[in-house]
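Please read the structure below before turning to the comments.
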Amino acid sequence: MSTVDWFAIGTVVYLAWFLSHQAGRLDRLHHRIETSSSALDAHLARRAGLCAQMSACPGFDLASGSLLAQAAHDALACDVNALDDRMQAENALSQAIFDAFEDADDVNEYRQDELLTTLLDELVAASKRVQLSRRFHADAVRACRHIRDQRLVRLFHLAGHATLPTTFDFMDELPDTLS
Amino acid sequence: MKIGIVCPYAWDIPGGVSAHVHDLAHALIRMGHSVSVLAPAELDEGLPDFVVSTGKPRAVRYNGSVARLSFGPITARKVSRWIEEGQFDVLHVHEPLAPSLSVLACWAAKGPIVATWHSSMDRSRMLLTLSKLALTAMEKITARIAVSEAARTTLVEHVGGDAIIIPNGVDTSAFKNAQPLEGWSGDGASLVFLGRVDEPRKGLGVLIDAWPKIRQQHPHARLLVAGPGDASSLLDSLNVEDAAAITFLGLIDSEVKPDVLASGAIYVAPNTGGESFGIVLLEAMASGTPVVASNLTAFQRVLDFGRAGATFINEDSESLARVINELLDNPDELHRLREQGRLRAHEFDWATVARSIVAVYESVHLPGVIVEPDFAGQMLGRLGRMRVTAPRYES
Numbered sequence: 062m063s064t065v066d067w068f069a070i071g072t073v074v075y076l077a078w079f080l081s082h083q084a085g086r087l088d089r090l091h092h093r094i095e096t097s098s099s100a101l102d103a104h105l106a107r108r109a110g111l112c113a114q115m116s117a118c119p120g121f122d123l124a125s126g127s128l129l130a131q132a133a134h135d136a137l138a139c140d141v142n143a144l145d146d147r148m149q150a151e152n153a154l155s156q157a158i159f160d161a162f163e164d165a166d167d168v169n170e171y172r173q174d175e176l177l178t179t180l181l182d183e184l185v186a187a188s189k190r191v192q193l194s195r196r197f198h199a200d201a202v203r204a205c206r207h208i209r210d211q212r213l214v215r216l217f218h219l220a221g222h223a224t225l226p227t228t229f230d231f232m233d234e235l236p237d238t239l240s
Numbered sequence: 112m113k114i115g116i117v118c119p120y121a122w123d124i125p126g127g128v129s130a131h132v133h134d135l136a137h138a139l140i141r142m143g144h145s146v147s148v149l150a151p152a153e154l155d156e157g158l159p160d161f162v163v164s165t166g167k168p169r170a171v172r173y174n175g176s177v178a179r180l181s182f183g184p185i186t187a188r189k190v191s192r193w194i195e196e197g198q199f200d201v202l203h204v205h206e207p208l209a210p211s212l213s214v215l216a217c218w219a220a221k222g223p224i225v226a227t228w229h230s231s232m233d234r235s236r237m238l239l240t241l242s243k244l245a246l247t248a249m250e251k252i253t254a255r256i257a258v259s260e261a262a263r264t265t266l267v268e269h270v271g272g273d274a275i276i277i278p279n280g281v282d283t284s285a286f287k288n289a290q291p292l293e294g295w296s297g298d299g300a301s302l303v304f305l306g307r308v309d310e311p312r313k314g315l316g317v318l319i320d321a322w323p324k325i326r327q328q329h330p331h332a333r334l335l336v337a338g339p340g341d342a343s344s345l346l347d348s349l350n351v352e353d354a355a356a357i358t359f360l361g362l363i364d365s366e367v368k369p370d371v372l373a374s375g376a377i378y379v380a381p382n383t384g385g386e387s388f389g390i391v392l393l394e395a396m397a398s399g400t401p402v403v404a405s406n407l408t409a410f411q412r413v414l415d416f417g418r419a420g421a422t423f424i425n426e427d428s429e430s431l432a433r434v435i436n437e438l439l440d441n442p443d444e445l446h447r448l449r450e451q452g453r454l455r456a457h458e459f460d461w462a463t464v465a466r467s468i469v470a471v472y473e474s475v476h477l478p479g480v481i482v483e484p485d486f487a488g489q490m491l492g493r494l495g496r497m498r499v500t501a502p503r504y505e506s
């Protein structure tokens with residue numbers, strides 16, 4: 062066989078190896094994204110649940126309670142797959158948490174109540190889990206999109222029918238009074 | 112939670128990473144978690160019952176010094192068996208790029224994996240270690256932690272992606288009740304230095320240069336130096352009295368370390384570079400000794416930019432002498448630094464640090480999902496060992 066033939070065979074072998082390697086990476090990343098987005102979902106649901114529970118407590122301010130309850134309800138009622146709606150709802154819930162607990166005196170008042178103190182501590186813990194899992198999810202999504210943007214990967218449809226993963230962006234800061 | 116921790120370096124040989132894993136494991140057990148640590152160990156006897164040994168490590172040259180690592184097909188099998196039997200909720204690997212147990216564990220497992228980066232490496236070394244196959248192991252990691260800003264920068268620049276920073280912890284309880292050594296009062300004009308005396312980057316030379324200027328203003332000043340090495344050449348420039356005011360303890364036991372730190376009115380850290388964190392500063396603060404340190408970025412962070420300790424211009428003995436003289440003349444400021452230092456050290460207490468790490472575990476843990484063996488990954492790992500690690504070993 063001539064040099065050209067060997068060169069052609071070499072190219073095909075390399076291409077095959079490269080494609081299977083990238084497919085393996087994509088598979089691992091898709092798996093990781095599945096896990097990280099389920100974890101994020103679980104922590105978001107927990108956060109909204111705690112907000113709803115707090116707003117119904119007897120010692121809780123009625124006005125901020127109703128704002129908090131509405132935001133929590135909206136966040137929980139969203140269709141899991143309607144990402145834009147969900148981001149907006151989670152953003153609104155973060156804002157409601159901000160509004161309800163921005164004032165240090167209010168927070169001190171709530172901390173007089175035993176049940177509210179427990180719920181407040183749990184809400185802070187849940188919000189921090191949300192922050193962490195959102196960051197870890199975004200990290201996995203970035204790595205995955207980086208591979209899927211490669212020309213060969215797109216040309217050979219290595220990602221199959223998997224939907225393009227997206228980061229979940231919303232304000233998740235806690236007011237200073239709680240952090 | 113059931114947590115499996117992988118330590119790439121020998122459990123029974125002192126070192127930064129193994130000390131971190133040791134303290135983390137104890138803190139997690141105190142919090143009520145179930146912990147199993149997989150690590151190489153020189154001796155099989157005398158290991159705590161939560162440690163699973165992969166046998167004697169081999170001494171290899173790695174990242175600029177000789178490290179005791181563990182690898183090979185038999186080790187890889189032990190790693191997979193440990194993962195299979197452990198049924199962990201979360202797997203936590205340390206220093207995942209070291210060619211040892213951590214990278215084997217990444218290849219052998221799938222599920223929630225957390226990794227902690229400890230050291231910072233320069234680019235050329237990083238590229239040698241990072242083959243494509245090592246990167247595939249990194250892609251399985253769900254959550255990444257860096258112990259310092261320097262370690263995070265290394266990771267972000269060379270591997271890509273993001274990491275959250277959770278600093279090293281200090282077991283403040285071991286330092287809280289420190290008592291000055293006999294003949295030392297812990298106040299007056301006494302200074303303490305800890306570290307290898309003939310390692311230029313530890314900066315004893317800078318302190319010795321400043322010493323005559325400190326003695327000029329404070330004739331009763333004394334200096335306690337603890338650490339191995341030969342300092343005779345450093346003392347040549349000093350007159351007899353100034354040299355006689357320095358006491359050398361040599362290498363000290365970790366048990367007397369708190370007492371040594373508590374023996375001075377000021378702990379001096381004149382390090383000129385190469386420090387990514389500065390745990391000994393926190394240990395001194397936990398013992399109630401105010402700190403004067405060079406203005407390395409890592410030190411400034413630990414000292415909360417001057418609030419918890421004083422800094423001087425790096426490698427400038429004039430500046431060091433001035434800062435120490437001013438402090439020795441100002442008991443109120445010394446008192447303030449002592450109190451602030453204690454509070455600052457408490458922020459880095461293992462109980463606090465372990466809580467932040469558990470928050471990461473909880474953010475990646477899914478009920479019903481455990482860490483499982485990944486057989487495809489193990490095949491890849493077998494290939495990977497040839498490619499990633501073989502050219503780098505000199506035993």
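Listed in order, the protein sequences are those of chains L and Z.
Each residue of the first sequence is one higher than the one before, counting from 62 in the working numbering.
Each residue of the second sequence is one higher than the one before, counting from 112 in the working numbering.
Quick reminder that beta carbons are idealized off the backbone N, C-alpha and C, glycines included.
Beyond the five residues adjoining it in sequence on each side, N152(L) comes within less than 6 Å, by CB distance, of F231, M232 in the same chain, given in chain order. None of the residues of the region 142-162 of chain L has a beta carbon lying less than 8 Å from any beta carbon of chain Z. Of all residues in the region 99-127 of chain L, the ones placed with a Cβ closer than 9 Å to any Cβ belonging to chain Z are S99, A100, L101, A103, H104, in chain order. Less than 9 Å divides the Cβ of P381(Z) from the Cβ of F304(Z).
Counting only runs of at least 3 residues, the region 249-289 of chain Z fully encloses the following beta strand (DSSP E) elements, listed from N- to C-terminal order: 254-257. Taking the Cα of S125(L) as reference, the smallest distance to any Cα among A161(L), E95(L), L101(L) is reached at A161(L). The residue from L393(Z), G157(Z), I185(Z), L202(Z) with its alpha-carbon nearest to that of Y472(Z) is L202(Z). According to the DSSP assignment, Y171(L) belongs to the alpha helix (DSSP H) that extends over 165-171. Distance check between N436(Z) and each of P330(Z), A456(Z), T463(Z) places P330(Z) closest, using alpha-carbon atoms only. Closer than 8 Å at the C-beta level to chain L, one finds these residues of the region 206-228 of chain Z: K221, G222, P223. Taking C-alpha positions only, R203(L) is separated from L216(L) by approximately 20 Å. Rounded to whole angstroms, the Cβ separation of L360(Z) and W322(Z) is 17 Å, and the two are not in contact under 8 Å. Taking Q83(L) as the centre and dropping the five residues before and after it, the same chain places the C-beta of I208, Q211, L213, V214, L219 closer than 8 Å to its C-beta, in chain order. Between K113(Z) and the set Q451(Z), G197(Z), P119(Z), E458(Z), the nearest pair of CA atoms involves G197(Z). Taken in chain order, the members of the region 446-475 of chain Z whose beta-carbon sits within less than 7 Å of a beta-carbon on chain L are A470, V471, E473, S474, V475. Taking the Cα of G271(Z) as reference, the smallest distance to any Cα among T224(L), P226(L), A199(L) is reached at A199(L).
Look at F68(L): its C-beta is not under 9 Å from any C-beta on chain Z. The beta carbon of K113(Z) does not come within 9 Å of any beta carbon belonging to chain L, so the residue lies off that interface. By DSSP's assignment, E483(Z) forms a beta bridge with K221(Z). Proximity of the region 309-320 of chain Z to the region 341-356 of chain Z meets the contact definition, three or more beta-carbon pairs being nearer than 8 Å. Here A373(Z) really is in contact with S398(Z); their C-beta atoms are around 4 Å apart, less than 8 Å. For the pair E483(Z) and I224(Z), the CB atoms are not nearer than the 9 Å cut-off. Following the DSSP letters along the chain, one finds L360(Z) inside the beta strand (DSSP E) bounded by residues 357-361. Taken through DSSP and simplified to helix, strand or coil, D460(Z) comes out as strand.
Under a criterion of Cβ atoms nearer than 9 Å, no residue of chain Z is adjacent to A133(L); the nearest Cβ is some 20 Å distant. Residue A201(L) holds the alpha-carbon nearest to the alpha-carbon of R86(L) among S240(L), L239(L), T228(L), A201(L).
Taking 9 Å as the CB threshold, R312(Z) stays off the interface with chain L. Partner residues in the beta bridge of H205(Z), as assigned by DSSP, are T227(Z).
The criterion of a C-beta distance shorter than 9 Å is satisfied by P207(Z) and A248(Z).
A Cβ-Cβ distance of about 6 Å is found for the pair D200(Z) and I481(Z), placing them in contact under the 8 Å criterion. For E386(Z), no chain L residue has a Cβ inside 9 Å of its Cβ, as the nearest lies near 27 Å away. Q114(L) and R107(L) have their C-alpha atoms spaced approximately 10 Å apart.
Annotated as distal: A470(Z) and K324(Z), with beta-carbon spacing of 9 Å or more.
The shortest CA-to-CA distance from G110(L) to any of L128(L), L137(L), P226(L) is the one to L137(L). Taking each of W295(Z), D353(Z), D298(Z), N288(Z) in turn and checking the Cα distance to D320(Z), the smallest one comes out for D353(Z). Pairwise C-beta distances place the region 173-184 of chain L out of contact with the region 126-145 of chain Z, as fewer than three of them are shorter than 8 Å.
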